[in-house]
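Residue numbers (the numbering used here), protein chains in the order written: chain A, 6 to 233; chain B, 6 to 233.
Here is the structure we will look at.
Number of protein chains: 2
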Amino acid sequence: MPLASTPTTLQLVQTNSLPALVHAEIEQLILRGELASGQHVNESELALRFGTSRGPIREALRALEESGLVRSEKHRGVFVREISVAEADEIYDIREALDQLIGQRVAERATPEQIRDLKAAIAEMDEATSLKDIKRYHALNLKFHDMIVDFAGNARLTETYRLLTKELLLFRLRGLQDGGGFAVSNTEHKAVVKAIAARDSVLAGELLRQHAAESRARMHKAATRRDE
Amino acid sequence: MPLASTPTTLQLVQTNSLPALVHAEIEQLILRGELASGQHVNESELALRFGTSRGPIREALRALEESGLVRSEKHRGVFVREISVAEADEIYDIREALDQLIGQRVAERATPEQIRDLKAAIAEMDEATSLKDIKRYHALNLKFHDMIVDFAGNARLTETYRLLTKELLLFRLRGLQDGGGFAVSNTEHKAVVKAIAARDSVLAGELLRQHAAESRARMHKAATRRDE
DNA sequence: AGACTGAATATTGTCAACAATCTGCAATTC
DNA sequence: GAATTGCAGATTGTTGACAATATTCAGTCT
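Structure representation (structure tokens):
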């Protein structure tokens, strides 16, 4: 999917139905924060924006509801979900378990090319760090984790992991940016990839789990700092 | 949810919208095998059956698609998903990781009452075993795992786990009944609950993971037996 | 006979209108 | 003045109709 040669819009429309397109579009709107957490989502407005009727919009919203990005109240409409610290905590608990699994599987299965790609991504992050380009670092970080879960070679795991990650992203957008320490983060990445390259699956799993735990800890720190 | 005092239909209709009701209904149809794996799902037919128009049906199907019970092809309609052995394997890989987490958390958090409930469920399963009532055992087994994931006290985990379980159920319905050995299964349950009662979270996690692994192994055995 | 063409049918995709419900605000009552 | 009621206006819930596409099957040609 990352390397898909750009399909023409024609192909897109022919394969994906309108609801699917709208689904992806609205998801981006939410993930980019254009539709803020807690905000009411107006069907007609979206229909107008995308040049469709409300039918496809509603179908897309139902899918987004199932994936947890949106919540719906009867006769009141749908709202972008708000993730509480407690909920983020629950998600992190799952994510840690999955990260351990991911680390193990990648160490077992990653091809030399994939390991090279991971190292390249880390180098880029180092670059972003020295340039203090936080935004770029953040994007690269997401890409790194996207790559690594892909390399675990379990499509269903990828799907599950991305679902949870999206929800956490929703939480971060709520205002709490990952509390600094992004130079630290990359040294963790290096350790993980080193274990992967050494094919030490147990260690890789352990390290990737710890990496998620660190991220959770940073969230907590940011959250409590904000509440005082 | 298990202890919800039966709400009146009035309340149900007032709170849940038609798509939500239809969603639950169709899910049952699929999980009970009334809509078989791979089968084409006719929108108009369902609309007629539930006495609605096609709109709500389509919304429900979109949600079911997102949850993975159904797949959809443009202009051809939606089909009940078919889970291959490879996909089931992927799901089991995730399930094992989650079961380990579940075991740990339950050992840490379960109340004495909850532990008693688990023991009661096991006793019932023993009874079903001695009566050779496989069907009842199967139902109780599902209930047991439902309870245990609930007792982990992580709503998001419950949701994720149930999602995967539903997909696996879809696979089992495909013909491969869990290859016997259900007396074995209950001795495993006992060991898990013993570890939980002893508050040994590491062991409980390990045992529950193993339990999932055994289940996976039984699936493999049944699958290869079928393919020869 | 087998492969191809094309109409007839069935099914899905989309839309626009109508019904039900909620929200906000002004008028009314105590 | 505060609480309540009742009335627009807006928004969602649902529907039935129409358009676009796929499938089927009879007929035709080689």
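Ideal Cβ placement from N, Cα and C applies to all residues, glycine included.
Beta carbon of residue i nearer than 8 Å to that of residue j
i, j, result
"B/ALA41", "B/GLN109", "no"
"B/THR134", "A/THR165", "no"
"B/ASN146", "B/SER206", "no"
"A/LEU106", "B/ALA102", "yes"
"B/SER72", "A/GLU71", "yes"
"A/ALA240", "B/ALA68", "The question about residue 240 of chain A has no answer here: the residues shown for chain A are numbered 6 through 233."
Straight-line Cα distance separating residue j from residue i
i, j, result
"B/LYS124", "B/LEU51", "41 Å"
"B/THR192", "B/ALA144", "17 Å"
"B/LEU26", "B/GLU211", "38 Å"
"A/LEU22", "A/LEU66", "For the sequence presented, residue 22 of chain A should be read as Ser rather than Leu. One C-alpha to the other measures close to 14 Å."
"B/LYS148", "B/ILE127", "10 Å"
"A/VAL90", "B/VAL46", "40 Å"
"A/HIS28", "A/GLY82", "16 Å"
"A/GLU113", "B/ARG54", "50 Å"
"A/MET237", "A/ARG121", "Outside the shown range of chain A, which is 6 to 233, sits residue 237 of chain A, and nothing can be said about it."
"A/GLU39", "B/GLY56", "38 Å"
"A/THR170", "B/GLN215", "27 Å"
"A/GLU64", "B/ARG167", "23 Å"
"B/THR229", "B/ALA222", "11 Å"
"B/GLU32", "B/TYR142", "22 Å"
"B/LEU136", "B/GLU30", "32 Å"
"A/ASP138", "A/LYS199", "25 Å"
"A/SER220", "A/GLU132", "21 Å"
"A/PRO117", "B/HIS80", "42 Å"
"A/LYS140", "B/LYS140", "56 Å"
Close-in-space but distant-in-sequence residues of the same chain around residue i (CB under 6 Å, 5 per side omitted)
i, result
"B/GLY48", "The amino acid at residue 48 of chain B is misidentified as Gly; the sequence shows Glu. If we look at B/GLU48 and ignore the five residues flanking it on each side, its Cβ neighbours are ARG59, ILE62."
"B/PRO24", "PRO61, GLU64, ALA65"
"A/GLN119", "PHE156"
Other residues of its chain near residue i: CB distance less than 7 Å, five sequence neighbours each side excluded
i, result
"B/VAL111", "ILE153, PHE156, ALA157, ILE201, ALA209"
"B/ALA93", "LEU173, PHE176, MET224"
"B/LEU213", "ASP104, GLN105, ILE107, GLY108, VAL197"
Minimum C-alpha distance to residue i - residue among the options
i, options, result
"B/LEU173", "B/HIS80, B/LEU53, B/ILE88, B/GLU32", "B/ILE88"
"A/GLU78", "A/THR57, A/GLY43, A/LEU106, A/ILE99", "A/GLY43"
"B/ARG161", "A/LEU34, A/TYR97, A/ARG37, A/TYR142", "A/TYR97"
"B/GLU265", "A/ALA68, A/GLU132, A/THR163", "Outside the displayed range of chain B (6 to 233) lies residue 265 of chain B, so it cannot be described from this structure."
"A/LYS195", "A/LYS137, A/HIS150, A/GLN33", "A/HIS150"
"A/ALA115", "A/VAL85, A/VAL75, A/ASN159", "A/ASN159"
"B/ARG86", "B/GLU132, B/PRO117, B/HIS80, B/LEU36", "B/LEU36"
Identified DSSP bridge partners for residue i
i, result
"B/PHE84", "B/HIS45, B/ARG76"
Beta-carbon contacts of residue i that lie in its chain and below 8 Å, excluding the five residues immediately before and after
i, result
"A/ILE99", "LEU169"
"B/PHE84", "GLY43, GLN44, HIS45, VAL46, VAL75, ARG76, SER77, GLU78"
"B/LEU34", "LEU40"
"A/THR14", "Because A/THR14 sits at a pLDDT of 49, beneath the cut-off of 50, its placement in the model cannot be relied upon, and the following sentence gives the value as read from the coordinates. Excluding residues within five positions, none has a Cβ falling inside 8 Å."
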